[in-house]
Amino acid sequence: MKKLYFSLLTFLFLVVAHAQIVNIPDANFKAKLLSASPDNQIASTQTPYTNSSDYLVVDSYNTIDSNNDGEIQESEAIAVKFLRVSSSGILSLEGIEKFSNLHILECAANGLSNLNLTNLTNLQLLDCPHNQLQSLNINGLINLRDFWCYDNNLINIDLNGLPNLKILYVSGNNLTSLNVSGLTNLRQLNCSANDLTSLDLSYLTNLLNLACNNNQLTSINANLTSLRSLDCEHNLLNSIFIKNGKVTSWVYLKVAFNPNLEYICADTNDLQFVQSSVNTAGYNLTCQVNDYCDFTPGGTSYKIQGTSKIDSNEDGCGAADSNYFNLKFNITNGINTGSLISNVSGNYSIPVQSGTHTITPQFENPAYFTVSPTSATVTFPAATSPFTQNFCITPNGVHHDLEVVVIPLEPARPGFDTFYKIKYKNKGNYNETATVNFNYNEAI
266 MKKLYFSLLT FLFLVVAHAQ IVNIPDANFK AKLLSASPDN QIASTQTPYT NSSDYLVVDS
326 YNTIDSNNDG EIQESEAIAV KFLRVSSSGI LSLEGIEKFS NLHILECAAN GLSNLNLTNL
386 TNLQLLDCPH NQLQSLNING LINLRDFWCY DNNLINIDLN GLPNLKILYV SGNNLTSLNV
446 SGLTNLRQLN CSANDLTSLD LSYLTNLLNL ACNNNQLTSI NANLTSLRSL DCEHNLLNSI
506 FIKNGKVTSW VYLKVAFNPN LEYICADTND LQFVQSSVNT AGYNLTCQVN DYCDFTPGGT
566 SYKIQGTSKI DSNEDGCGAA DSNYFNLKFN ITNGINTGSL ISNVSGNYSI PVQSGTHTIT
626 PQFENPAYFT VSPTSATVTF PAATSPFTQN FCITPNGVHH DLEVVVIPLE PARPGFDTFY
686 KIKYKNKGNY NETATVNFNY NEAI
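The following block contains the structure:
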């Protein structure tokens, strides 16, 4: 009888012991876990912290197989909070669900085709780019903060229930749609190189950086108060809205390779920066930049356009007269008021919604010129679009007014060379021929 009890207890012990071993079918995954030690950076039982650069990091590493039995027990898996198994030839992460205390998982550059991480509710950082993922389940990861999943084969991704997400990189997939409406804390979004035809950004009030280049977007409405960088090159864009009513310190704006781009709406204080980006892209003749922003992106719109000419001979404007470029216009519908500037060819155009709009040329020195007509009013949809209104500008008297500004490019220091920039501008109403000399008086 004693032998029977002993045998039964031994059997039960073996069953319990076996039940505690994590099933890890992928040999490469298991080998990587077993190779973890304090001498490499595979695993850590330390709780990650945020460093001064706002990255989640650990600074100590551990062995996972602490009893050195060549297996991973559930108790050993639960202790791990950081796991790096990138570039290890892994095809399956089956068994990862037992690592339920993971805060950081890095599994980039493997051969993973599907990944279910719903049991890892403590996860804060997931790095899984350069795989072959077609299916990814991250539902319930309410603590997820940083998520990199670029260069995979995803055709859709469910991002619901991720309220703490700050960084999202899903570029280089096959996404045709992307719902980010619940990601109100998102700071960085990179969804470039997909097949997106639309992108609703209205809920991303904390977004700082957006890269949506290399898609099929036709319009972007990014009137977000925190946005400071936007890369939307290589799309099918015809309009971009970035007016947000805030003083933005823009880092960069990239709009090239959008041959259909006609209009960018921006804040008044950002117009010069935006125009510079448009000029760099080579669209200074075809894309209008202003702050009127009258119509809804993607909605029905109408166009007001025209050319301004300078009547130098005071005999009426004709084909032989030169175009008057960089002329400022005010435009209003009685409620909203904005401004635009004609391009270097003297042409202007602006899209508007239905209603009555009045456009009026503005001069820095109004007494120097007369203009015909003084303004133009048009009502859509009663009028045919595009509505063309040209303006003829005639000098009023003779006014010689040349402005020269010397701008230091760096603080001047005695005994050292320094650099200055000279800007000159004809503010009068007749052509000027002049020579600008700038000399340094060493005797002073």
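Note that my numbering has the sequence shown beginning at 266, numbered continuously upward.
Heads up, the beta-carbon is just placed ideally off N, CA and C, and yes, glycines get one too.
Computed from a prediction, not measured in an experiment: that's the story for all the values here.
Could you tell me the alpha carbon to alpha carbon distance between residue i and residue j, rounded to whole angstroms?
i, j, result
"Phe538", "Ile615", "19 Å"
"Leu472", "Glu341", "39 Å"
"Glu336", "Tyr326", "19 Å"
"Lys686", "Ile355", "59 Å"
"Cys530", "Val345", "50 Å"
"Asn534", "Asn591", "17 Å"
"Asn381", "Cys414", "14 Å"
"Gly662", "Thr639", "18 Å"
"Ile606", "Phe628", "11 Å"
"Leu358", "Ile289", "8 Å"
"Asp559", "Ile596", "10 Å"
"Asn235", "Gln553", "Only positions 266 to 709 of the chain appear in the structure, and residue 235 is not among them; the question remains open."
"Ser463", "Ile485", "8 Å"
"Gln389", "Ser302", "23 Å"
"Val280", "Ile286", "Its pLDDT being 43, under 50, Val280 is placed unreliably by the model, and the measurement read from it follows with that caveat. Going by the C-alpha atoms only, they are around 10 Å apart."
"Thr698", "Ser577", "16 Å"
"Glu579", "Phe634", "11 Å"
"Thr310", "Ile422", "30 Å"
"Tyr705", "Pro626", "41 Å"
"Ile505", "Thr490", "15 Å"
"Ala584", "Ile624", "23 Å"
"Leu273", "Asn379", "Bear in mind that the predicted position of Leu273 carries a pLDDT of just 41, short of 50, making it unreliable; the figure below should be weighed with that in mind. Approximately 41 Å between the Cα atoms of the pair."
"Gly603", "Asp586", "29 Å"
"Glu362", "Ile343", "10 Å"
"Leu550", "Ala521", "14 Å"
"Val543", "Lys508", "16 Å"
Considering Cα atoms alone, identify which of the options is closest to residue i.
i, options, result
"Gln481", "Ser457, Asn471, Tyr468", "Ser457"
"Pro394", "Val435, Asn366, Lys431", "Val435"
"Leu454", "His664, Leu492, Thr639, Thr659", "Leu492"
"Tyr589", "Thr328, Gly571, Gly662", "Gly571"
"Pro660", "Asp334, Ser317, Asp682, Asn630", "Asn630"
"Val669", "Leu358, Asn702, Arg410, Thr602", "Asn702"
"Ser713", "Thr312, Tyr528, Leu424, Ala648", "This structure gives no information on residue 713, because the portion of the chain shown stretches from 266 to 709."
"Asp304", "Tyr695, Gln311, Asn450, Thr328", "Thr328"
"Leu427", "Val445, Lys508, Asp532, Gly437", "Val445"
"Ala296", "Thr551, Ser352, Asp535", "Ser352"
"Thr642", "Asn655, Tyr633, Asp556, Thr621", "Thr621"
"Ser541", "Gly510, Asn525, Asp423, Val609", "Val609"
"Ala292", "Asn396, Val350, Asn555, Leu424", "Val350"
"Ser331", "Asn549, Asn500, Ser300, Leu475", "Ser300"
"Thr441", "Asp580, Asn459, Asp324", "Asn459"
"Gly547", "Tyr557, Glu498, Ser587, Cys582", "Glu498"
"Gln397", "Asn438, Pro646, Ile343, Gly581", "Asn438"
"Pro313", "Thr483, Arg410, Pro673", "Arg410"
"Leu370", "Ala476, Thr551, Asp682, Leu298", "Leu298"
"Leu377", "Phe294, Cys582, Trp515", "Phe294"
"Tyr557", "Thr545, Leu536, Asn544, Leu550", "Leu536"
"Lys511", "Asp532, Ala521, Leu501", "Asp532"
"Ala632", "Tyr613, Thr653, His664, Thr483", "His664"
Anyone know if the C-beta pair for residue i and residue j falls short of 8 Å?
i, j, result
"Ser566", "Gly611", "no"
"Ile407", "Asn429", "yes"
"Leu391", "Phe412", "yes"
"Leu385", "Gln399", "no"
"Leu469", "Leu443", "no"
"Leu433", "Leu448", "yes"
"Lys692", "Asp666", "yes"
"Val671", "Phe656", "no"
"Asp496", "Asn525", "no"
"Glu527", "Asn555", "no"
"Ile658", "Ile600", "no"
"Gly405", "Thr383", "yes"
"Ser494", "Asn474", "yes"
"Phe645", "Val617", "yes"
Among all the DSSP beta bridges, which residues are the ones paired with residue i?
i, result
"Gln627", "Lys593"
"Leu385", "Its beta-bridge partners do not exist; DSSP assigns none."
"Lys519", "Asp496"
"Leu411", "Sequence inspection shows Asp at residue 411; the Leu mentioned does not correspond to that position. The partner list for Asp411 (beta bridge, DSSP) reads Leu390, Ile432."
"Gly620", "Phe645"
"Thr653", "Gln570"
"Glu697", "In the DSSP output, where bridge partners are listed per residue, Glu697 has none listed."
"Gly603", "Ile596"
"Gln285", "Note: Gln285 sits in no beta bridge, so no partner."
Our contact map puts residue i next to residue j with C-beta atoms below 8 Å; I'd like the distance itself, whole angstroms only.
i, j, result
"Leu348", "Ala308", "5 Å"
"Pro651", "Lys568", "4 Å"
"Asn450", "Lys431", "6 Å"
"Asn387", "Leu367", "6 Å"
"Val323", "Asn316", "No, Val323 and Asn316 are not in contact; Cβ-Cβ is about 10 Å, not under 8 Å."
Under 7 Å: does the beta carbon of residue i sit that close to some heavy atom of the ligand HEM?
i, result
"Asn327", "Annotation note on the ligand HEM: not contained in the displayed structure, which lists no ligands."
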